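Data first, discussion second: the structure below is written as structure tokens.
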Amino acid sequence: MIFNIARGVNRAATEALQSFKMINKMPFIFEVFQFFIH
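If you read the sequence shown in our numbering, its first letter stands for residue 117, the second for the next number, and so on.
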């Protein structure tokens, strides 16, 4: 049970890191995203 939770957290962290890398490659989309937040 604990192992499954740790694996799920690890997967979520990996996906977040991949999304962050994609955002770094596309700063224009990130700026548009910030614009919609504000």
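Beta carbons: idealized from backbone N, C-alpha and C, even for Gly. Source: prediction; values computed, not measured.
Report yes if the C-beta distance between residue i and residue j is below 8 Å; otherwise report no.
i    : j    : result
I139 : F146 : yes
Between which two residues does the alpha helix (DSSP H) harbouring residue i extend?
i    : result
M142 : Element bounds for M142: n/a, residue is neither H nor E.
Can you tell me whether DSSP reads residue i as helix, strand or coil?
i    : result
M138 : helix
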